[in-house]
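In my numbering, the protein residues as written are 2 to 670.
See below for the structure under consideration.
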Ligand code: IVH
């Protein structure tokens with residue numbers, strides 16, 4: 002590769018790495034595996050080593066992590082929080098050991114620790130009291146996550162001194178890993194799915210997302226744990242090696258892993274690595290390798306550091322949980338919210354002890370970006386015990402029989418034409434009757450902001466659907482005491498309560514009813530807008546696309562979604578049947594035309610009204626709003642920083658109102 006080619010490749014790699022950094026650090030939503038990322042990173046590092054003149058200060062190799070999130074405060078690390086060099090092959094690991102022994106002599110020993118797959122957190126204790134907790138950030142400046150970390154039960158808020166232990170030093174900076182144990186992660190995801198929230202991709206993302214919350218009560222509800230593994234700055238106590246640190250911290254009340262060990266030779270290091278690799282699937286937390294650190298601090302000093310990582314430590318990563326296999330078919334599954342998800346049906350393959358036969362392809366964009374076709378040979382990864390995904394296609398394996406795939410235009414479950422929008426890569430089935438969605442639809446319909454049907458919870462809904470008592474929304478209103486009384490876990494009294502709640506739900510308002518229908522992109526606010534603008538249900542059901550987009554705040558996406566919803570005959574049928582069952586939509590009081598024929602001009606900013614709200618308020622009362630002042634203008638309403646219209650009004654002698662006077666005028670009858 003010549004210099005010009007190298008430059009081009011370097012730019013490409015930088016761009017890719019930047020994008021993946023963003024997905025990983027900012028969104029907590031990586032789309033490639035760590036191994037894949039490391040490969041890109043190492044390729045960039047090697048090229049930059051070869052052509053140092055091509056290194057730019059903004060190259061991803063020139064910093065450790067991601068910039069801190071601005072909403073959280075920042076904390077400077079007095080001792081930078083470095084990263085670790087990764088190796089994947091035994092040969093490269095041996096090379097590391099060799100380099101170290103070449104410089105330090107043969108009798109060097111290493112501390113070996115699991116490499117936790119969580120996130121690095123620094124804890125600063127002053128006089129034994131936890132003062133600050135921060136993320137690694139870019140290595141020099143991290144995010145202040147003190148309030149959040151204080152909610153983690155295994156992080157001591159105050160250190161203790163065990164009997165015979167050295168006194169707790171006046172300043173102690175602890176380096177630790179915060180993570181979510183695997184079992185707790187699964188439980189949290191089950192809970193989230195039950196509540197209609199999207200599950201976390203893996204325990205690491207769950208931990209990172211939890212710790213970087215702005216609201217620490219959310220963190221408090223998340224099952225996080227921690228292990229301390231090193232110290233930063235320490236005043237008032239001198240450690241001479243890593244092992245001593247690991248032995249002392251627990252005596253001060255900090256949680257340290259007892260899987261850590263001291264290795265006196267290369268063979269002991271390799272044995273430990275093998276042993277941990279075998280235990281990996283059975284450990285209560287996720288690890289992705291073993292960290293080896295030169296034990297002696299004096300030797301560490303002698304070895305020194307590179308920009309991003311120390312020369313005295315290495316992360317010897319486990320083989321990625323990947324395998325190649327072929328895609329036999331791609332099917333589309335319809336979720337509870339109507340999202341159509343393409344799923345690759347794989348030739349079953351073993352990946353670290355688990356048979357994998359399906360992989361999520363997420364959406365059409367993802368399929369197109371990776372150019373995934375039926376019949377392709379693909380690299381599949383199982384990361385963190387969650388549904389496996391396709392890392393990439395192996396195009397060399399194509400023989401011409403592969404077929405491109407497109408998510409169909411009709412829902413595979415009910416045949417309704419699907420909804421595609423530009424903003425959202427996810428295709429949805431808008432049919433309120435779609436059997437795949439019925440439980441989710443009922444939950445939404447009955448929710449507090451919907452028709453608020455008390456007692457109609459997730460479990461009961463599942464039961465009603467399962468035994469066939471409810472197949473469609475209107476069926477809810479046909480339920481009888483007899484039917485309900487026979488149900489498991491539903492006492493007579495709660496059966497009656499449910500019937501009462503159903504009856505009570507029949508009296509509702511237009512915005513609630515609209516919201517309850519679960520039209521994609523019609524949340525409470527848009528439901529209110531529609532109700533206010535059109536005033537009644539038939540007008541909304543028949544509003545044209547043009548009428549809909551003409552409403553302020555309603556864009557093409559929402560207009561299409563509303564139109565598509567009411568274009569589907571099944572949806573109109575459901576609405577009709579609900580009304581037949583006696584749902585009464587309270588008519589909002591029409592506003593009296595108290596300003597009929599009165600003309601207004603606005604200038605300057607009002608405090609309580611946007612321009613549109615002010616216009617609506619006038620128009621609802623029969624008045625008109627014009628843009629320029631003339632002798633025919635009845636009122637000019639003046640807010641702060643008025644423009645030339647204010648002068649014009651004074652010149653022409655038009656009535657001038659301030660905001661208070663305008664409000665009074667609106668309430669006059
Ligand atoms: S020591 C200079 N020990 O690995 C050495 N790091 O690349 C600094 N990590 O995100 C780190 N387990 O959170 C160390 N036993 C362990 C670790 C560990 C996981 C993470 C750490 C950081 C990354 C460093």
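Backbone N, C-alpha and C fix where the C-beta goes; we use that ideal spot for every residue, glycine too.
Span separating the alpha-carbon of residue i from that of residue j
i           : j           : result
residue 550 : residue 454 : 32 Å
residue 190 : residue 537 : 40 Å
residue 611 : residue 425 : 29 Å
residue 276 : residue 315 : 18 Å
residue 409 : residue 428 : 9 Å
residue 569 : residue 647 : 51 Å
residue 76  : residue 4   : 40 Å
residue 682 : residue 305 : There is simply no residue 682 to check, as the chain begins at 2 and stops at 670 in what is shown.
residue 583 : residue 562 : 27 Å
residue 445 : residue 208 : 29 Å
residue 172 : residue 200 : 40 Å
residue 117 : residue 260 : 12 Å
residue 115 : residue 182 : 14 Å
Closer than 6 Å: residue i CB and nearest the ligand IVH heavy atom
i           : result
residue 411 : no
residue 85  : yes
residue 117 : yes
residue 25  : no
residue 314 : yes
residue 38  : no
residue 311 : yes
residue 292 : yes
residue 231 : yes
residue 245 : no
residue 492 : no
residue 121 : yes
residue 144 : no
residue 114 : yes
residue 178 : yes
Contact test: residue i Cβ vs the ligand FMN heavy atom, cutoff 6 Å
i           : result
residue 241 : No copy of the ligand FMN appears in this structure; the ligands present are the ligand IVH.
Residues of its chain near residue i, where Cβ-Cβ distance is below 6 Å and the 5 sequence neighbours each way are ignored
i           : result
residue 242 : 296, 297 and 298
residue 662 : none
residue 644 : 604
residue 185 : 224
residue 156 : 150 and 227
residue 656 : 636
residue 239 : none
Closest by C-alpha distance to residue i, when choosing among the options
i           : options               : result
residue 351 : 340, 323, 342 and 345 : 323
residue 106 : 260, 267 and 3        : 267
residue 166 : 140, 240 and 249      : 249
residue 21  : 617, 38 and 6         : 38
residue 144 : 460, 120 and 194      : 120
residue 35  : 317, 214, 260 and 232 : 317
residue 381 : 442, 102, 344 and 555 : 344
residue 231 : 293, 47 and 480       : 293
residue 236 : 211, 263, 253 and 170 : 170
residue 485 : 42, 468, 475 and 473  : 468
Own chain partners of residue i with C-beta closer than 8 Å, once the 5 adjacent residues on each side are dropped
i           : result
residue 45  : 11, 14, 15, 18, 60, 61 and 62
residue 658 : 636, 637, 638, 639 and 666
residue 419 : 341, 408, 409, 410, 411, 412, 428, 429, 430 and 431
Own chain partners of residue i with C-beta closer than 7 Å, once the 5 adjacent residues on each side are dropped
i           : result
residue 319 : 278, 281, 289 and 290
residue 168 : 162
residue 356 : 349
residue 371 : 391, 393 and 394
residue 557 : 550
residue 384 : 34, 203 and 322
residue 337 : 438, 440 and 441
For the segment 303–314 against the segment 358–369, are there 3 or more C-beta pairs whose distance is under 8 Å?
Too few Cβ pairs lie closer than 8 Å, so no.
Check whether the segment 327–343 touches the segment 145–157, counting contact only when three or more Cβ pairs, one atom from each stretch, lie closer than 8 Å.
no
Are the segment 47–59 and the segment 280–294 touching by the rule of at least three beta carbon pairs closer than 8 Å?
Result no; under three Cβ-Cβ pairs closer than 8 Å.
Is the segment 84–95 in contact with the segment 122–134, if contact means three or more CB pairs nearer than 8 Å?
As far as the Cβ criterion goes, the segment 84–95 does not touch the segment 122–134, which means the pair count is below three.
Please determine if the segment 513–526 and the segment 494–501 are in contact, where contact requires at least 3 C-beta pairs separated by less than 8 Å.
no
When you compare the segment 382–400 with the segment 342–362, are there three or more beta-carbon pairs, one atom per stretch, that lie closer than 8 Å?
yes
Between the segment 225–236 and the segment 167–180, do three or more beta carbon pairs fall short of 8 Å?
yes
Answer yes if the segment 413–420 comes into contact with the segment 389–403, meaning at least three C-beta pairs across the two stretches below 8 Å, and no otherwise.
Counting Cβ pairs under 8 Å, fewer than three are found: no touch.
Taking one C-beta from the segment 91–105 and one from the segment 214–222 each time, how about it: are there three or more such pairs within less than 8 Å?
no
Under 8 Å, with one C-beta from each stretch per pair, do the segment 484–496 and the segment 583–602 reach the 3-pair mark?
Because the criterion of three Cβ pairs below 8 Å is not met, the segment 484–496 and the segment 583–602 do not touch.
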